[in-house]
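Peer 1: Taken in sequence, the protein lines are chains A and B. For reference, each letter of the first sequence is one residue, going -15 to 468 in this note's numbering. For reference, each letter of the second sequence is one residue, going -15 to 468 in this note's numbering. Here a beta-carbon is modelled for each residue, glycine too, at the ideal position from N, C-alpha and C. Mind looking over this structure? Questions follow.
Protein chains: 2
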Amino acid sequence: MKGIGRKERAKLEGWKDGRMGAPHPSPPKSALLSVDEMALFVDYYQLTMGQADFDAQHNSVITANYYVRKIPQGQYLIAAGLEQVVHYILNLRFTDATLDWLAERGDLHADYLASLRDFHFDGSVFAVPEGTPVFPNEPIINVTGRSRDVQLFETYLLCVMNFQTLIATKASRIVHAARGKPVFDFGARRAHGRDAGILAARASFIGGASGTSLVLAGCLFDIPYVGTMAHKFVSERPNELAAFRDYAAAFPTNTTLLIDTYDTLEGARNACIVAKEMAARGTRLRAVRLDSGDLLTLSKQVRQILDTEGLDYVQIIASHELDEFQIDTLLSQGAPLDSFGVGTRLATGANLNSFTGEGGTSALGGVYKLVESDGKPVGKQSLDEPSKATIPGKKQIYRLTDTAGNYTKDQVALWDEDVSEGQPLLVPVIEAGELVSDFPTLQDIQARMTTALKRLPDSHKSLTEATPYAVEMHPSLLVRMDDR
Amino acid sequence: MKGIGRKERAKLEGWKDGRMGAPHPSPPKSALLSVDEMALFVDYYQLTMGQADFDAQHNSVITANYYVRKIPQGQYLIAAGLEQVVHYILNLRFTDATLDWLAERGDLHADYLASLRDFHFDGSVFAVPEGTPVFPNEPIINVTGRSRDVQLFETYLLCVMNFQTLIATKASRIVHAARGKPVFDFGARRAHGRDAGILAARASFIGGASGTSLVLAGCLFDIPYVGTMAHKFVSERPNELAAFRDYAAAFPTNTTLLIDTYDTLEGARNACIVAKEMAARGTRLRAVRLDSGDLLTLSKQVRQILDTEGLDYVQIIASHELDEFQIDTLLSQGAPLDSFGVGTRLATGANLNSFTGEGGTSALGGVYKLVESDGKPVGKQSLDEPSKATIPGKKQIYRLTDTAGNYTKDQVALWDEDVSEGQPLLVPVIEAGELVSDFPTLQDIQARMTTALKRLPDSHKSLTEATPYAVEMHPSLLVRMDDR
């Protein structure tokens, strides 16, 4: 198993950008899992195989590779989730409580469980930085270490990488459709539990969203959080005008009024009354929000009502079953909308064309597969289903650009192959069990994503019928494939 | 606002079953959210509206109702998630750290934040017990209390109820398709983060699954967890036979061998060799697992190979992009499969017909809406989108049965309506801020679900083209709707 040399390392993106600092091996609040939970957030076979490896004294050093075979929607992915993976890998410990509980169950043997007491990962992780566009079959994370250690990370790594990459990609599509108008994650209520809500907000921000409605995500990741008002606030009061006045009194400088509780156009007229009262007090109504009905027609009518009253500064926010297809169509047809709150279809990563109804499961099917064992490329052959075969060998991605810096193609090659062209994308994150890379802020990750996605030609970014980006397998990999 | 009388209460399902015990107000490990996280797992508008309510001294007592307008797949739902909701409601506190952080942000005022310091919920919760079949527009949870308290629970309640109800329902469909053969949740790696993995296992079990691969879910909820082996375990060894022998040596009594790493039929023959070696040592190979290819053809061929070798006791487990449609078809066509591991489409609740490709977002769009304020029914009119209107009034569900105990129809009526027929489904869970109902074990919830689903006629349970179950709105509700 060959590491990456110092000289080669200096080439690596992210390594030379001055962001390196002292490692911080303890998990920050964004790690989410407690130490007591970590060791049990595994599919049981990871422990049964660990037992069998221990019994057989199988101590191979292997590399496992996280990659995605097929992109469910569009032609690119935005890698996201590495920070949580790295915290898991660095902090995974088997506490006494965990080991006692496992021992009581009786299936795993005392000697194997005892061997886990001092577990800490002493291998290495190379990964594509979060916010980087990646493509099918490209290695996104390489984990190298003792076989039974490396396999312990499988479930959590897959769970957070698959989910956050799915959401960051979906967010980038929605932000693309919104043409520079801000997009906010409103999806916590339809997300699949706590982490889904929090991580959807995080990954949405990586993918270009401007913020979230979920305060906890704002707190954990220092991203903007926003709030408007609910229909409940209006329904509880004698009338809509009274509700608008109460809200404007509490938030004189950052007021958004929800105008569709009864009748949207009447709501717009009530908003005008309150906006003028606010103006008389020297403040400005920030926005009105539409949350139902025909958003195209209503937004035009509401814009006209606002403008007629001289309230051209009042913005219109839309929500209500939005996604990239809905937003693209609304804006193509001239809907005067200023920003978007996107809920269910963003926070669940709906792989659905909301116009045609063609859909897929809201999941990314990334896998974590053995590719090298004791320096030798290995893979799964899967004769009965060739699409599930793996390409043997630890690999690096090289991204090629034209003179303007735009991406032209990627080449995937064996790790120790001498490849003269292109930027290597996988950078060192953990070496000999030590963190060797700082975690960028989410703002930095978002900036990386924005810059990178600009360099990806438009033909690969269309919402429908995008063309695949060229990913070439280096000839050495193909030889190995034939050789297996 | 009228509570439910003692006499009426005695009628309530779940109340009279002897499961009542001392309330346990502190969160058990299944609560998942820490106290520091709880108060911030809100959409920001809950706090901004709280501020506006506080400023206006708006102190109405309201009822908010959790219900689902439309079932995305099939004609029934299995209610799930109440335990996590109740823990949230009972334990929500604003810690100093939370309040300090909010204060630093500057948008909420000191007097409002100070009012949150002693927050604890002193209202009531009535709910349909977990594991109960429910239908569109039926009240699943009623929360009654001070308006700005009740709204604090919205995001978490929706998040855990929508997700777990989605998954319990999906699981029940898959278990139905499996015709008594065990189904296991294998989905953590494609779940949307930690809670999604854990709660998918919990809700799957409620919906009838026999267990999960996720050890942490087994630990938290005392449900069976299972493990087989990964392709990695085979690929790493000199050959498949060596891998099978290592695994069988470590698990002589509960061995499942994965036989599709290279060539499934060759794998089956290798499994036979190891099974006979095990038999010679006095143990039995439990099962082989298929994870790719044409499961119908392969399972028949593998069964024949096993039977020819006299290994009729070795079971065949299938996994690989399964859902209720795939399992139903496999079994209809006579696939000799003994149990199923279902991953992505179970743990994400894929609202997808995997044969037709017709799909929807993997989410349940349940809502939490104001229905009563200071004793008066209220609702949202939503003239621009009538499907988003709410039916005003706090409501109870009455379930009618025939003499055999089978469900014939439900009637939804105002809470204080005198309804002579049917079993009321919403039972008291919290009164005056105190827990008044014990949490059943998951085993008990699963048993409730199984019994109840048997009573629902088959026509409402078909995988495709099921007929809607009759849910009648009591005439008093319709009058209120016209009156609004």
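Report back the beta-carbon spacing between residue 196 of chain B and residue 432 of chain B to the nearest angstrom; my notes put them in contact at under 8 Å.
Peer 2: About 19 Å; that fails the 8 Å criterion.
Peer 1: Is it buried or exposed, residue 88 of chain B, if we count other Cβ atoms within 10 angstroms and call 16 or more buried?
Peer 2: exposed
Peer 1: Out of curiosity, what's the CA-to-CA distance linking residue 306 of chain B and residue 366 of chain A?
Peer 2: 18 Å
Peer 1: Does the beta carbon of residue 35 of chain A come closer than 8 Å to any beta carbon on chain B?
Peer 2: yes
Peer 1: For the alpha helix (DSSP H) holding residue 438 of chain B, just list the boundary residues, first then last.
Peer 2: 426 to 439
Peer 1: For residue 189 of chain B, return the contacting residues in chain A, with the cut-off set at a CB-CB distance below 8 Å.
Peer 2: Result: empty, since nearest Cβ-Cβ is about 15 Å, beyond 8 Å.
Peer 1: Give a yes or no on whether 8 Å exceeds the smallest Cβ distance from residue 83 of chain A to chain B.
Peer 2: no
Peer 1: So is residue 194 of chain B in contact with chain A if we call contact Cβ pairs under 8 Å?
Peer 2: Not closer than 8 Å to any Cβ of chain A, the Cβ of residue 194 of chain B fails to qualify, so no.
Peer 1: For residue 101 of chain A, I'd like the list of residues in its chain whose CB is within less than 7 Å of its CB, leaving aside the five on either flank, ordered along the chain.
Peer 2: 78 and 83
Peer 1: Measure the C-alpha to C-alpha separation of residue 148 of chain A and residue 53 of chain A and round it to an integer number of angstroms.
Peer 2: 16 Å
Peer 1: Could you name the residues of chain A that residue 341 of chain B contacts, counting a contact when the two beta carbons are closer than 7 Å?
Peer 2: 342
Peer 1: Can you list the residues of chain A that residue 479 of chain B reaches, using a CB-CB cut of under 7 Å?
Peer 2: Lying before the first or after the last residue shown, residue 479 of chain B is absent from chain B, which here runs from -15 to 468.
Peer 1: Any Cβ of chain A within less than 8 Å of the Cβ of residue 235 of chain B?
Peer 2: yes
Peer 1: Residues in its own chain within less than 7 Å of residue 483 of chain A by CB, not counting five upstream and five downstream?
Peer 2: Because chain A spans -15 through 468 in this model, residue 483 of chain A falls outside it and cannot be assessed.
Peer 1: By the DSSP assignment, the beta strand (DSSP E) with residue 240 of chain A in it spans what residues?
Peer 2: Here the beta strand (DSSP E) through residue 240 of chain A covers 240 to 242.
Peer 1: Please work out which residues of its chain come closer than 8 Å, Cβ to Cβ, to residue 386 of chain A, disregarding the five sequence neighbours upstream and downstream, and give them in chain order.
Peer 2: 392
Peer 1: Considering Cα atoms alone, identify which of A:16, A:462, A:105 and A:184 is closest to residue 416 of chain A.
Peer 2: A:105
Peer 1: What are the partner residues of residue 277 of chain B, as DSSP defines its beta bridges?
Peer 2: According to DSSP, residue 277 of chain B bridges with nothing at all.
Peer 1: Since residue 323 of chain A is in the beta strand (DSSP E), which residue starts that stretch and which ends it?
Peer 2: 323 to 326
Peer 1: For residue 126 of chain B, which three-state DSSP category applies?
Peer 2: In the three-state DSSP reduction, residue 126 of chain B falls in the strand class (E or B).
Peer 1: Taking the beta carbon of residue 81 of chain B as the centre, do at least 16 other beta carbons fall within 10 Å, making it buried, or is it exposed?
Peer 2: exposed
Peer 1: Measure from the C-beta of residue 309 of chain B to each C-beta in chain A and report whether the shortest distance is under 8 Å.
Peer 2: no
Peer 1: Return the Cβ separation of residue 376 of chain B and residue 359 of chain B in integer angstroms, given the expectation that the two are a contact with Cβ distance under 8 Å.
Peer 2: The pair is not a contact, with the Cβ atoms about 12 Å apart (cut-off 8 Å).
Peer 1: For a cutoff of 8 Å on Cβ pairs, would you count residue 31 of chain B as touching chain A?
Peer 2: yes
Peer 1: Counting pairs of beta carbons, one from the stretch 196 to 207 of chain B and one from the stretch 224 to 236 of chain B, are three or more of them closer than 8 Å?
Peer 2: no
Peer 1: Of all the CB atoms in chain B, is at least one closer than 8 Å to the CB of residue 168 of chain A?
Peer 2: no
Peer 1: Output yes or no for whether 8 Å exceeds the beta carbon distance between residue 277 of chain A and residue 369 of chain B.
Peer 2: Yes, the Cβ-Cβ distance between residue 277 of chain A and residue 369 of chain B is below 8 Å.
Peer 1: Per the DSSP calculation, residue 180 of chain A is bridged to which residue(s)?
Peer 2: None; residue 180 of chain A has no bridge partner.
Peer 1: Apply the 10 Å Cβ neighbour rule to residue 265 of chain A and answer buried if 16 or more other Cβ atoms are within range, or exposed otherwise.
Peer 2: exposed
Peer 1: List, in order along the chain, the chain A residues whose C-beta lies closer than 8 Å to that of residue 427 of chain B?
Peer 2: Those do not exist, as residue 427 of chain B stays about 17 Å from chain A at its closest Cβ, beyond 8 Å.
Peer 1: Which residues in the same chain as residue 328 of chain A place their Cβ atom closer than 8 Å to its Cβ, once the five residues preceding and following it in sequence are excluded?
Peer 2: 171, 174, 305 and 334
Peer 1: Would the stretch 235 to 255 of chain A count as touching the stretch 50 to 69 of chain B if we require 3 or more Cβ pairs under 8 Å?
Peer 2: no
Peer 1: Check whether the Cβ atoms of residue 187 of chain A and residue 324 of chain A lie closer than 8 Å to each other.
Peer 2: no
Peer 1: In chain order, what residues of the same chain lie with their CB nearer than 8 Å to the CB of residue -9 of chain A, ignoring the 5 residues before and after it?
Peer 2: At residue -9 of chain A the pLDDT is 36, less than 50, meaning the model places this residue with poor confidence and gives no usable figure here.
Peer 1: Closest to residue 322 of chain B by C-alpha separation, out of B:194, B:220, B:38 and B:247, would be which residue?
Peer 2: B:194
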